[in-house]
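Trainee: Residue numbers for the sequence shown follow numbering that gives the first Met the number 0, so the first one is 0 and each next one is one higher. For each residue, glycine too, the CB sits at the ideal point set by N, CA and C.
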Amino acid sequence: MADPSTVLARTIRKEAARLGFAAIGFSSPIPQPLAMQRYNAMLAEHRHGEMVYLENRLDERAMPSMLLPDLKTIISAAISYNYPLDTITGGPVISTYALIDDYHTVVREKLQQLLNFLNTLFGEDLNATITVDSSPILEKNWAEHSGIGKTGKNTLLIIPSAGTYIFLGELLINKEITDNKHPLPNLCGSCTKCLESCPTGALIEPSKLDATRCISYLTIELKREFTPEESTLIGNHLFGCDHCQQVCPHNHQTTIPPNHSFTPHQNLLNLTPETILSLTKSTFRTLFQGTPIYRTGLKRLKRNARAVTKNQNKR
Ligand code: SF4
Ligand code: SF4
């Protein structure tokens, strides 16, 4: 006879698949000393650049039970956005995740629907917290722990059958859900394609990223103006970079389709730096509201466009 807790996990997983999640997994909130050691090493080596918020709330990162009293289970949930993209190659680049609706909203809504299902399943309103980049939590670590994926040499979580073009969110609940899944083995093998394809050498070792050289960090997270070296590093990237995902074999053999909520905004394909530099606050809002680029703001987007123009003129 099937273990009742496994049956529960299977029932929830089935509903999650119906809602469009590529994978969900369950973890008990036990201490993760190794993951915290790696995290603290990243901070000590200043590989997080100027993302000072990553230095804060370390206690909560180490002890997720501080995020929810009576926490019993962390549900890690992944949604795929691996949609086919038809852009002019060689032109200024906008990362694929930025051409669709802001994932924070979409993933949060889906997790709320999953929570509603759990409330009905348990016959009571659970104590719960939904987090989509909104709480200090070691999300890749918990996703690995739950057995849904494994971090690749490109530092991104690889979900078998869904690849790395995924968004993660977590649902913290006060009910115990156990599962028979175990952490996955290394999924990279001898492949080193991501390290070789990174145009800036930001992947300094397998699974070790120096954000200060990463185009995604520079064009999205960095708030100030670029130094001349940073300006050159971004090349023709207007917003984000996907090189280390584009080459990953796991993204070429996916069987789980992208969530239907993620349809590229056609008017954002093939934008030029000139168009961006001509935007006013109002036209920026019209073009980008509801996308991740709107969060970053016009000032940084124009900074990126100026650097791309300069780099194009150097060619
Ligand atoms: S996002 Fe781009 S710059 Fe950053 S590690 Fe990947 S390939 Fe390198
Ligand atoms: S490109 Fe190769 S080494 Fe890099 S994450 Fe994918 S499988 Fe791993």
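Determine the extent of the beta strand (DSSP E) in which threonine 285 is found, giving its start and end residues.
Mentor: Threonine 285 -> not in any beta strand (DSSP E); alpha helix (DSSP H) instead, spanning 280–287.
Trainee: What would DSSP say about valine 131, mapped onto helix, strand or coil?
Mentor: Correct three-state label for valine 131: coil.
Trainee: Which same chain residues, not among the five before or five after isoleucine 87, have their C-beta less than 7 Å away from its C-beta?
Mentor: Legend: pLDDT at isoleucine 87 = 49, less than 50; position of this residue unreliable, no value from coordinates given.
Trainee: Determine whether the beta carbon atoms of glycine 24 and alanine 161 lie at a separation below 8 Å.
Mentor: Contact flag unset, no.
Trainee: In three-state terms, what does DSSP make of lysine 152?
Mentor: Coil.
Trainee: Applying the criterion that 16 or more other CB atoms from any shown protein chain within 10 Å of the CB defines a buried residue, is leucine 276 buried or exposed?
Mentor: Leucine 276 comes out exposed.
Trainee: Apply the 10 Å Cβ neighbour rule to arginine 314 and answer buried if 16 or more other Cβ atoms are within range, or exposed otherwise.
Mentor: So arginine 314 counts as exposed.
Trainee: Please output, in chain order, the residues near ligand 2 using a CB cut-off of less than 5 Å to any non-hydrogen atom of the ligand.
Mentor: Answer in sequence order: Gly151, Lys152, Asn153, Cys187, Cys190, Lys192, Cys193, Cys247.
Trainee: In terms of DSSP beta bridges, what is isoleucine 203 paired with?
Mentor: Isoleucine 203 is not bridged to any residue.
Trainee: Measure from the alpha carbon of valine 51 to the alpha carbon of each residue in Asn39, Ala61, Met62, then state which is nearest.
Mentor: The residue with the shortest Cα to Cα distance from valine 51 is Asn39.
Trainee: Could you tell me whether any non-hydrogen atom of ligand 1 is closer than 7 Å to the CB of serine 230?
Mentor: No, the Cβ of serine 230 stays beyond 7 Å of every heavy atom of ligand 1.
Trainee: Quick check on leucine 114: does DSSP put it in helix, strand or coil?
Mentor: Leucine 114 falls in the helix class under three-state DSSP.
Trainee: Decide if valine 6 is buried, meaning its Cβ has at least 16 other Cβ atoms within 10 Å, or exposed.
Mentor: Flag for valine 6 reads exposed.
Trainee: How about isoleucine 214: is its Cβ closer than 7 Å to a heavy atom in ligand 1?
Mentor: Under cutoff, so the answer is yes.
Trainee: Assess, as a yes-or-no matter, whether the stretch 90–110 is touched by the stretch 236–245 under the definition of 3 or more beta carbon pairs within less than 8 Å.
Mentor: Flag = yes, the stretch 236–245 and the stretch 90–110 touch.
Trainee: Pull up the CB-CB distance for isoleucine 165 and alanine 21, whole angstroms please, since I reckon it's below 8 Å.
Mentor: About 6 Å; that satisfies the 8 Å criterion.
Trainee: Distance check for arginine 37 and glutamate 44, CA to CA, integer angstroms please.
Mentor: Their backbone Cα atoms lie some 11 Å apart in a straight line.
Trainee: Report the three-state DSSP secondary structure of glutamate 169 (helix, strand or coil).
Mentor: Here glutamate 169 sits in strand by DSSP.
Trainee: Ordered along the chain, which non-local residues of its own chain (more than five positions away) have a Cβ less than 8 Å from that of arginine 60?
Mentor: Around arginine 60: Met35, Tyr38, Pro135, Ile136, Leu137.
Trainee: Report yes or no: do the stretch 221–231 and the stretch 302–314 share at least 3 C-beta pairs separated by less than 8 Å?
Mentor: Cβ pair count under 8 Å is three or more, so yes.
Trainee: Could you tell me if the beta carbon of histidine 47 falls within a distance shorter than 7 Å of some heavy atom in ligand 1?
Mentor: No, the Cβ of histidine 47 stays beyond 7 Å of every heavy atom of ligand 1.
Trainee: Suppose only complete runs of 4+ residues qualify. What are the alpha helix (DSSP H) ranges in the stretch 191–259, listed by chain order?
Mentor: 192–196, 227–232, 242–245, all fully within the stretch 191–259.
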